[in-house]
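Protein chains in written order, with the numbering used here: chain R, 51 to 321; chain L, 51 to 321; chain B, 51 to 321; chain W, 51 to 321.
Built from N, CA and C at the ideal position, the CB exists for glycine as well.
Model, not experiment: these values are computed from the prediction.
Comments concern the structure below.
Protein chains: 4
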Amino acid sequence: MKRPIWLEKEHLRAVIFNDDTPAGRRFDIALTIAIAVSLVILFVESIPSLPYWLKVSLGVLEALLTVVFSVEYIARLYCAESRRGYALSGWGIIDLVSVLPPYLTYFIPGARYMLILRSIRFIRIFRIFRLFTFLNEGELLLQAIGRSLHKIAVYFLFVLVLVICLGTLMFILESGQPNSAFRDIGSSIYWAITTLSTVGYGDITPVTTAGRFLSSFIMLLGYTLIAVPGGIVTASFINTTSEPVRNGRCPRCDAKVRKGDKFCSQCGEKL
Amino acid sequence: MKRPIWLEKEHLRAVIFNDDTPAGRRFDIALTIAIAVSLVILFVESIPSLPYWLKVSLGVLEALLTVVFSVEYIARLYCAESRRGYALSGWGIIDLVSVLPPYLTYFIPGARYMLILRSIRFIRIFRIFRLFTFLNEGELLLQAIGRSLHKIAVYFLFVLVLVICLGTLMFILESGQPNSAFRDIGSSIYWAITTLSTVGYGDITPVTTAGRFLSSFIMLLGYTLIAVPGGIVTASFINTTSEPVRNGRCPRCDAKVRKGDKFCSQCGEKL
Amino acid sequence: MKRPIWLEKEHLRAVIFNDDTPAGRRFDIALTIAIAVSLVILFVESIPSLPYWLKVSLGVLEALLTVVFSVEYIARLYCAESRRGYALSGWGIIDLVSVLPPYLTYFIPGARYMLILRSIRFIRIFRIFRLFTFLNEGELLLQAIGRSLHKIAVYFLFVLVLVICLGTLMFILESGQPNSAFRDIGSSIYWAITTLSTVGYGDITPVTTAGRFLSSFIMLLGYTLIAVPGGIVTASFINTTSEPVRNGRCPRCDAKVRKGDKFCSQCGEKL
Amino acid sequence: MKRPIWLEKEHLRAVIFNDDTPAGRRFDIALTIAIAVSLVILFVESIPSLPYWLKVSLGVLEALLTVVFSVEYIARLYCAESRRGYALSGWGIIDLVSVLPPYLTYFIPGARYMLILRSIRFIRIFRIFRLFTFLNEGELLLQAIGRSLHKIAVYFLFVLVLVICLGTLMFILESGQPNSAFRDIGSSIYWAITTLSTVGYGDITPVTTAGRFLSSFIMLLGYTLIAVPGGIVTASFINTTSEPVRNGRCPRCDAKVRKGDKFCSQCGEKL
Chain R
51 MKRPIWLEKE HLRAVIFNDD TPAGRRFDIA LTIAIAVSLV ILFVESIPSL PYWLKVSLGV
111 LEALLTVVFS VEYIARLYCA ESRRGYALSG WGIIDLVSVL PPYLTYFIPG ARYMLILRSI
171 RFIRIFRIFR LFTFLNEGEL LLQAIGRSLH KIAVYFLFVL VLVICLGTLM FILESGQPNS
231 AFRDIGSSIY WAITTLSTVG YGDITPVTTA GRFLSSFIML LGYTLIAVPG GIVTASFINT
291 TSEPVRNGRC PRCDAKVRKG DKFCSQCGEK L
Chain L
51 MKRPIWLEKE HLRAVIFNDD TPAGRRFDIA LTIAIAVSLV ILFVESIPSL PYWLKVSLGV
111 LEALLTVVFS VEYIARLYCA ESRRGYALSG WGIIDLVSVL PPYLTYFIPG ARYMLILRSI
171 RFIRIFRIFR LFTFLNEGEL LLQAIGRSLH KIAVYFLFVL VLVICLGTLM FILESGQPNS
231 AFRDIGSSIY WAITTLSTVG YGDITPVTTA GRFLSSFIML LGYTLIAVPG GIVTASFINT
291 TSEPVRNGRC PRCDAKVRKG DKFCSQCGEK L
Chain B
51 MKRPIWLEKE HLRAVIFNDD TPAGRRFDIA LTIAIAVSLV ILFVESIPSL PYWLKVSLGV
111 LEALLTVVFS VEYIARLYCA ESRRGYALSG WGIIDLVSVL PPYLTYFIPG ARYMLILRSI
171 RFIRIFRIFR LFTFLNEGEL LLQAIGRSLH KIAVYFLFVL VLVICLGTLM FILESGQPNS
231 AFRDIGSSIY WAITTLSTVG YGDITPVTTA GRFLSSFIML LGYTLIAVPG GIVTASFINT
291 TSEPVRNGRC PRCDAKVRKG DKFCSQCGEK L
Chain W
51 MKRPIWLEKE HLRAVIFNDD TPAGRRFDIA LTIAIAVSLV ILFVESIPSL PYWLKVSLGV
111 LEALLTVVFS VEYIARLYCA ESRRGYALSG WGIIDLVSVL PPYLTYFIPG ARYMLILRSI
171 RFIRIFRIFR LFTFLNEGEL LLQAIGRSLH KIAVYFLFVL VLVICLGTLM FILESGQPNS
231 AFRDIGSSIY WAITTLSTVG YGDITPVTTA GRFLSSFIML LGYTLIAVPG GIVTASFINT
291 TSEPVRNGRC PRCDAKVRKG DKFCSQCGEK L
């Protein structure tokens with residue numbers, strides 16, 4: 051007895067992992083819709099005062115989607131070139147994690163914490179879209195950020211030290227006031243981060259003249275500091291985009307040479 | 051019997067579509083004033099407690115302007131080189147849409163939704179100004195943004211996935227508090243967007259220590275993320291302004307040549 | 051009878067308009083202090099519940115400073131190379147405007163509106179500092195901004211059209227709610243500007259789901275839009291700093307040549 | 051009698067000032083933990099309603115850490131190559147300041163103001179991390195900021211003049227309203243800084259139409275102004291990264307040569 055065609059590994063693999071075929075494209079669209087529906091359910095279920103019938107329908111729909119995603123996970127595992135490789139890859143883990151939560155709730159109390167696992171499902175939309183068109187763009191973006199990660203890390207350490215000192219100073223200035231929102235140093239540092247990042251909720255605000263003076267200083271500082279990551283990333287972007295200009299190596303000493311150079315600038319080799 | 055000169059198609063076209071003639075310039079200025087007045091009416095009419103006489107006067111003025119814009123639309127249609135072409139062009143549709151709402155209110159209830167159509171009138175100011183001086187600037191701007199649209203789309207998808215995960219996490223951390231403003235996951239995601247974009251209304255703010263900790267992290271993340279579109283657009287701008295410099299090679303000596311060069315600048319080869 | 055030396059025009063001019071001499075430097079420092087004191091008086095006088103004795107002392111001090119600034123203005127006028135030229139120059143008008151308010155209050159009621167004229171005094175600190183060290187920096191900054199002014203103007207027109215449309219849309223979505231802060235279209239546009247610029251006061255916030263959805267969209271839009279002026283100004287800055295690299299003209303045909311070119315790329319002339 | 055090895059100056063110096071040895075690395079890790087614990091104590095102690103036993107335990111732990119830091123300071127002083135040089139160096143003063151506060155509280159009342167000195171301890175984490183990996187990155191960052199410091203100073207003076215004028219104008223427009231939060235010119239300037247820096251707490255917001263109009267203008271201005279430091283720093287960053295490329299000339303053929311080139315890339319001349 052022959053297996054039906056849609057159970058052939060090669061055929062299944064072409065549909066699931068490849069979006070060049072019409073079937074593969076249709077599979078991706080269906081999956082995108084399923085994920086979007088699953089996300090809408092997640093949102094609606096969290097609204098406190100839902101009528102009973104809606105709660106039940108959403109529960110049923112969610113159970114159905116769980117079955118769909120489970121089948122999809124098993125299918126991916128089944129037709130992957132290397133099952134172990136897929137299961138341990140980043141996407142494999144994300145796929146598993148998006149499938150698990152409904153099963154876990156039978157064993158572990160506290161379904162609340164499963165919500166975050168369900169929201170992870172949405173990351174999978176990335177894979178689908180990445181396969182479509184944005185592959186290169188996304189990689190360039192990650193490269194540019196990755197290349198400037200060291201600089202950004204130093205910068206954040208600096209910001210952290212700064213907000214601790216400024217938060218403590220602000221606590222000293224403001225905490226004496228009656229009903230001050232600067233209750234403790236933790237809150238003050240939270241406020242300092244809120245201000246320096248120009249978010250400015252307004253749940254904690256200075257009321258003393260000294261506090262407002264220091265606030266103004268922090269804001270103007272934030273104004274300048276906000277420019278720093280921009281400078282780092284932009285410089286990195288510009289280096290990325292103009293990289294082809296800077297390529298080439300000397301065939302003798304492997305030193306970098308500029309386009310248009312007629313002699314290697316390190317060893318004098320004629321190019 | 052001869053037509054009066056101001057009804058001659060060519061004359062009318064010169065006035066309406068061309069701003070080089072004094073009459074055309076005067077027409078544009080008059081139109082700008084009419085649009086500005088129409089906008090002021092839109093603003094004032096929306097104020098809840100207006101005296102009766104003002105409401106009536108504004109209604110009359112609006113009716114007059116509608117006649118003016120209608121006549122203008124018909125005149126444009128009448129003297130356009132291709133009537134069909136104008137009517138289906140972007141500007142033609144905007145012109146029609148700016149004229150229609152007062153007529154539609156006679157047939158369709160719910161004048162509220164007509165307001166948005168009336169506000170679209172203001173877009174027409176763009177055409178008038180574009181004709182004056184900013185043509186090239188505007189196009190360069192659009193080109194620079196257009197060229198980086200793919201990168202920005204990937205970036206937004208990434209931000210979207212991020213705020214869904216962060217919003218869900220925040221909902222888990224904060225929704226247990228009494229009177230929490232993190233009512234549902236939708237609100238929490240709205241809060242995450244507010245925070246990540248550094249808008250920070252303060253209508254929803256964390257109160258738990260864990261929530262404030264996560265908030266601080268999101269803010270510092272937003273601080274860095276806000277730099278990314280800046281980097282993309284800036285890199286695109288720089289490429290726009292310096293692009294002609296980076297192209298082409300001399301066929302004889304392979305030196306770089308600029309677009310428009312007639313001789314290679316390294317070996318004198320005619321290109 | 052000979053005039054005392056400090057009344058000699060040349061000597062006075064050296065002191066007032068020139069900061070190279072020790073006397074000129076001392077004059078500038080004294081003037082800076084006087085302006086700073088005048089500013090502190092402006093701030094303190096505006097506090098509502100001041101004791102009577104402080105009000106009187108501040109009034110006397112302000113009167114003294116007015117005399118000082120008046121004498122300074124007359125001295126500048128007296129020793130200027132061209133009195134008419136100084137009086138009609140930008141700085142001359144600012145100097146006059148900083149001196150006038152106390153005199154005007156004797157003739158015109160409404161001292162409140164004079165406050166703004168008094169705050170203009172502080173602009174003069176700029177002249178003093180400009181003479182010290184920052185001359186070139188300031189000019190480069192203004193040049194860079196000036197060169198990108200056209201692009202920024204187009205951009206602002208675009209933002210204006212956008213906030214009018216978004217504000218009207220938000221008014222339609224939100225104004226139906228009880229106690230909505232979106233009272234009229236003017237308020238809604240004010241809200242749209244607050245949001246798009248990522249200021250986010252929180253005095254007007256959406257409460258409906260549709261409104262929050264549109265808000266989120268506006269915030270993410272503002273996130274991208276905020277990058278545009280950055281890109282414009284930065285590109286302009288980079289062009290400013292690297293300009294010397296791009297100079298030079300062909301002596302025969304006046305076409306631009308790059309540094310290192312050996313032949314004119316337009317006419318083949320050996321350089 | 052011989053000194054134990056861990057009291058030998060050279061050994062101690064290798065452990066404390068050098069992180070290349072395993073002992074030095076372990077010392078740095080221990081110190082990082084001690085500083086982190088000290089910081090957590092600082093945070094927790096500031097919470098108003100702590101149980102008595104926790105207050106006492108934290109006090110004891112803090113006393114222990116003070117002893118540790120004191121011993122460390124004495125050890126550093128003891129084994130420094132130049133004791134005077136260390137004691138007067140930036141890090142030496144920070145080390146001393148982090149140790150002193152608990153001792154000072156015995157003599158000087160007002161322990162509150164000692165908190166800021168204790169928060170300074172956290173700066174020391176910088177030294178430890180700087181020694182690990184980020185040395186070059188941090189220095190490049192500081193260089194880039196340092197090089198654009200003059201431009202940023204001019205810019206801040208300009209912003210300061212602007213907020214004083216705008217704050218005064220806003221005070222004139224808004225202070226007449228009942229219960230206006232624009233109490234005095236100081237508050238108004240604080241508001242102007244809050245708005246221009248896009249922080250936007252919302253503790254002070256305009257209510258009059260004129261005030262909201264001016265606010266909208268300030269916000270759009272801030273939108274553009276926020277781009278300026280970005281432009282300055284980014285331009286500086288790009289110059290930092292590509293500077294070596296732009297320097298020097300070949301003495302024979304006047305072609306541009308890069309720093310570090312040993313032969314001219316145009317004519318092969320040995321440099």
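For Gly272 of chain R, not one C-beta of chain B is nearer than 9 Å to its own C-beta.
Ala137 of chain L places its beta carbon less than 9 Å from that of Leu146 of chain L. The criterion of a C-beta distance shorter than 9 Å is not satisfied by Cys215 of chain W and Ser139 of chain B.
Considering only B:Asn229, B:Pro98, B:Val94, the residue with the shortest C-alpha distance to Ser107 of chain B is B:Val94.
Look at Gly252 of chain L: its C-beta is under 9 Å from a C-beta on chain W. The Cβ of Ser139 of chain W sits no closer than 9 Å to any Cβ of chain B. In this structure, L:Leu92 is the residue among L:Leu92, L:Ile202, L:Gly250, L:Gly196 with its C-alpha nearest to the C-alpha of Leu115 of chain L.
Within chain B, no residue has its beta carbon less than 8 Å from that of Thr245 of chain R; the closest one is some 13 Å off. Contact annotation for Gly74 of chain L against chain W: no contact, minimum CB-CB distance about 31 Å [criterion: below 9 Å].
The beta-carbon distance between Gly217 of chain R and Ser247 of chain R, rounded to whole angstroms, is 13 Å. This is too long to meet the 8 Å contact definition. Contact between Tyr251 of chain W and Thr244 of chain W holds, since their C-beta atoms are separated by about 6 Å, short of 8 Å. Contact annotation: Val283 of chain L and Ala277 of chain B have beta-carbon atoms nearer than 9 Å.
Its Cα nearest to that of Leu127 of chain B, the residue B:Lys59 stands out among B:Leu199, B:Lys201, B:Lys59. Boundaries of the alpha helix (DSSP H) around Ser265 of chain L: 259 to 275. At a cut-off of 9 Å between C-beta atoms, Arg134 of chain W does not count as an interface residue with respect to chain B. Per DSSP, reduced to three states, the secondary structure at Ser107 of chain R is helical. The same chain holds no residue with a CB closer than 7 Å to that of Val110 of chain R once the five nearest residues on each side in sequence are set aside. Looking at the backbone, the Cα of Tyr102 of chain W and that of Arg233 of chain L are separated by about 36 Å. At a C-beta separation below 7 Å, Ser169 of chain W has these neighbours in chain R: Ile214, Cys215, Thr218. Of all residues in the stretch 82 to 103 of chain W, none has a C-beta nearer than 7 Å to a C-beta of chain L. Residue-level contact check: Phe221 of chain R does not touch chain L, since none of the beta carbons of chain L fall below 9 Å from its beta carbon. Taking the C-beta atoms as reference points, Phe119 of chain W is found no nearer than 9 Å to Ala64 of chain W. Between Ser88 of chain B and Arg171 of chain B, the C-beta gap is smaller than 9 Å, which places the two residues in contact.
Those residues of the stretch 106 to 137 of chain B placed with their C-beta closer than 7 Å to a C-beta in chain W do not exist. Within chain B, the residues Ser247, Thr248, Val249 have their CB atoms less than 7 Å from the CB of Thr248 of chain W, given in chain order. When C-alpha distances from Glu122 of chain R are compared across R:Phe67, R:Ser265, R:Ile268, R:Gly281, the shortest belongs to R:Phe67.
In the structure shown, Ala203 of chain L falls within a helical segment according to DSSP collapsed to helix, strand and coil. Looking from the CA of Ser148 of chain R, the closest CA among R:Ala113, R:Arg134, R:Ala285, R:Ala242 belongs to R:Ala113.
For the pair Thr82 of chain W and Leu199 of chain R, the Cα-to-Cα distance works out to about 22 Å. Comparing C-alpha distances from Glu224 of chain R to each of R:Phe206, R:Ile254, R:Tyr163, R:Val209 shows the shortest one belongs to R:Ile254. In terms of Cβ geometry, Met220 of chain R and Leu270 of chain R do not form a close pair [threshold 9 Å]. Chain L has no Cβ within less than 9 Å of the Cβ of Thr155 of chain W.
If only complete runs of 4 or more residues are kept, the stretch 114 to 183 of chain R shows the alpha helix (DSSP H) at 133 to 138, 140 to 149, 151 to 157, 164 to 170, 174 to 179, in order along the chain. Using a 10 angstroms sphere on the CB of Ser99 of chain L, the tally of other CB atoms stays under 16, which defines it as exposed. For Ser230 of chain L, there is no enclosing alpha helix (DSSP H), as DSSP marks it with neither H nor E. Between Phe208 of chain B and the set L:Pro72, L:Phe176, L:Phe77, the nearest pair of CA atoms involves L:Phe176.
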